[in-house]
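Colleague:
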Amino acid sequence: MNRYTVAFAGNPNTGKSTLFNLLTGLRQHTGNWAGKTVITAEGEFTHKNNTYLAVDLPGTYSLYSNSADEEAARDYIIFEQPDVTLVVLDATSLERNLNLALQVLEITGRAVVCINLIDEAKKLGIDINLKAISKRLGVPVAAISARSEIGIEALLDQIERVATGTYTAEPLRITYSDEIEQGIAALLPMVEQTVGSRYPARWIALRLLDGDESLLASLKANMGQRNISGSKGVVSHGVTACH
Ligand SMILES: Nc1nc2c(ncn2[C@@H]2O[C@H](COP(=O)(O)OP(=O)(O)OP(=O)(O)O)[C@@H](O)[C@H]2O)c(=O)[nH]1
Ligand SMILES: [Mg+2]
């Protein structure tokens, strides 16, 4: 029996805590207003032969640095490196919700996309082509209703495939405008040299181009000041150069 970590990410109010409670038997607070989960809650569940540590992250619209919640969710995914990041989406607002999924996929391919509230989507006549979405995103996709307990076993099977490495992800890679891609290409070797292969260098380069000081501070805190400011001051230089 192996033990894996699964982080629950998603926009506010998409049912992360409802799913977390269903799986772990815990009672993380849920409700229909935004921003309830302010600290990460942890609980365990088992599926088939494996145990999973579930981590309920705060709801966020992005992994930029607009709020403490976004920084907490971002730092968890980057530095704790869960075996699986489960991105919980609201089936009734997929277009808006997919933005966060794309951001997660820029950081890690060890992800499962969970489309929740399919009971509500059904009522609205929304038909979701799971196969097409999964093919496009390059990671497993499951449709569930956490409240009505629909689709949970299939979701757990997908989590297992990613956790155990039996699913080979090909996470969608966004190609940006030429100007941004050139900036990434210029920064990438320096970022790779500074942070090593453990961290998502392309994504970090992208955030540094955007002047994300909070990410830089987190990198420094998590990797140690000496590594990151390094002999050449590589990453700091990247930030100032691109403002
Ligand atoms: N109809 C329906 N409602 C759901 C479902 N899952 C969750 N909900 C409801 O959606 C609301 C939000 O659920 P939460 O679990 O608190 O959402 P959350 O993603 O943890 O929210 P934050 O912690 O703010 O990010 C609650 O009223 C839930 O009962 C579902 O599958 N169907
Ligand atoms: Mg919650």
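If you read the sequence shown in our numbering, its first letter stands for residue 51, the second for the next number, and so on. A virtual CB, placed ideally from N, CA and C, is assigned to each residue, including glycine.
How would you write the range of the beta strand (DSSP E) that E130 sits in, first residue to last?
Modeller: For the purposes of this step, residue 130 is taken as the residue at position 80 of the sequence shown. Note, E130: premise wrong, no beta strand (DSSP E); not H, not E.
Colleague: Are the region 215-225 and the region 182-199 touching by the rule of at least three beta carbon pairs closer than 8 Å?
Modeller: Counting Cβ pairs under 8 Å, three or more are found: they touch.
Colleague: Could you tell me the boundaries of the alpha helix (DSSP H) in which A236 lies?
Modeller: On the sequence shown, position 186 is the one that residue 236 refers to. Run containing A236: D228 to V245, per the alpha helix (DSSP H) assignment.
Colleague: If distances are taken between C-alpha atoms only, which option among L174, V245 and T214 comes closest to H97?
Modeller: The residue labelled residue 97 in the question sits at position 47 within the sequence shown. Nearest of L174, V245 and T214 to H97, Cα basis: T214.
Colleague: For Y217, collect the residues of the same chain with a Cβ closer than 7 Å to its Cβ; drop the 5 residues on either side in sequence, then sort them by chain order.
Modeller: Within the sequence shown, residue 217 is the residue found at index 167, counting from 1. Excluding sequence neighbours, Y217 sits near P190 and R211.
Colleague: Indicate whether V56 and P132 have their beta-carbon atoms separated by less than 8 Å.
Modeller: Numbered from 1 along the sequence shown, position 6 holds the residue referred to as residue 56. Numbered from 1 along the sequence shown, position 82 holds the residue referred to as residue 132. Yes, the pair counts as a contact, with Cβ atoms nearer than the cut-off.
Colleague: From A193 to T90, what distance separates their C-alpha atoms?
Modeller: Counting from one through the sequence shown, the residue named residue 193 turns up at place 143. Counting from one through the sequence shown, the residue named residue 90 turns up at place 40. Their backbone Cα atoms lie some 24 Å apart in a straight line.
Colleague: Quick check on S264: does DSSP put it in helix, strand or coil?
Modeller: Within the sequence shown, the letter at position 214 stands for residue 264. Three-state DSSP puts S264 in a helix.
Colleague: Please check the pair V162 and A151, which I expect to be a contact at CB under 8 Å, by giving their CB distance rounded to whole angstroms.
Modeller: Locating residue 162 in the sequence shown gives position 112, counting from the first residue. Locating residue 151 in the sequence shown gives position 101, counting from the first residue. Contact flag wrong, Cβ pair sits at about 10 Å.
Colleague: Grouping DSSP H, G and I as helix and E and B as strand, with all else coil, what is D106?
Modeller: Working through the sequence shown from its first residue, we reach residue 106 at position 56. Strand at D106.
Colleague: Assign E92 to one of three DSSP states: helix, strand, or coil.
Modeller: The sequence position of residue 92 within the sequence shown is 42, counting from 1. The answer is strand: DSSP assigns E92 an E or B state.
Colleague: Taking the beta carbon of A196 as the centre, do at least 16 other beta carbons fall within 10 Å, making it buried, or is it exposed?
Modeller: Numbered from 1 along the sequence shown, position 146 holds the residue referred to as residue 196. It counts as buried.
Colleague: Taking 7 Å as the cut-off, does the CB of L76 come closer than this to any heavy atom belonging to ligand 1?
Modeller: Indexing the sequence shown from 1 puts residue 76 at position 26. Not under cutoff, so the answer is no.
Colleague: May I ask whether a heavy atom of ligand 2 can be found less than 7 Å away from the beta carbon of D106?
Modeller: Position 56 of the sequence shown, counted from the first residue, corresponds to residue 106. Because some heavy atom of ligand 2 lies under 7 Å away, the Cβ of D106 counts as near it: yes.
Colleague: Kindly identify the DSSP beta-bridge partner or partners of I165.
Modeller: As a first step, residue 165 is located in the sequence shown; it is residue number 115 there, counting from the start. According to DSSP, which records beta bridges pairwise, I165 is partnered with L139 and A193.
Colleague: Is any non-hydrogen atom of ligand 2 found closer than 7 Å to the C-beta of S117, if you look at the structure I gave you?
Modeller: Start at 1 with the first residue of the sequence shown, and residue 117 comes out as number 67. The answer is no for S117.
Colleague: Within the same chain, show all residues whose beta-carbon is closer than 7 Å to that of S184, passing over the 5 residues directly before and after it, in chain order.
Modeller: The count along the sequence shown starts at 1 and reaches residue 184 at position 134. Around S184: P190 and V191.
Colleague: Going along the chain, which residues of its own chain have a beta-carbon closer than 7 Å to the beta-carbon of L205, five neighbours each way excluded?
Modeller: Mapped onto the sequence shown, residue 205 falls at position 155. Excluding sequence neighbours, L205 sits near C164, A192 and I194.
Colleague: Kindly list the residues whose CB is nearer than 8 Å to the CB of E242, restricted to its own chain and excluding five residues on each side of it in sequence; keep chain order.
Modeller: Start at 1 with the first residue of the sequence shown, and residue 242 comes out as number 192. Excluding sequence neighbours, E242 sits near A251.
Colleague: Quick one: residues in its chain with C-beta nearer than 8 Å to the C-beta of Y126, no 5 flanking neighbours on either side, listed in chain order?
Modeller: Numbered from 1 along the sequence shown, position 76 holds the residue referred to as residue 126. Excluding positions up to five away in sequence, the list reads A57, T90, V105, L107 and P132.
Colleague: Can the beta-carbon of G65 be found less than 8 Å from the beta-carbon of L167?
Modeller: For the purposes of this step, residue 65 is taken as the residue at position 15 of the sequence shown. For the purposes of this step, residue 167 is taken as the residue at position 117 of the sequence shown. Yes, Cβ-Cβ distance for G65 and L167 is below 8 Å.
Colleague: Pull up the CB-CB distance for S115 and D262, whole angstroms please, since I reckon it's below 8 Å.
Modeller: Locating residue 115 in the sequence shown gives position 65, counting from the first residue. Locating residue 262 in the sequence shown gives position 212, counting from the first residue. Right, the Cβ-Cβ distance comes to about 6 Å (below 8 Å), so this counts as a contact.
Colleague: What is the rounded straight-line gap between the Cα of K270 and the Cα of M240?
Modeller: For this step, residue 270 is matched to residue 220 along the sequence shown. For this step, residue 240 is matched to residue 190 along the sequence shown. Straight-line Cα distance between these residues: approximately 15 Å.
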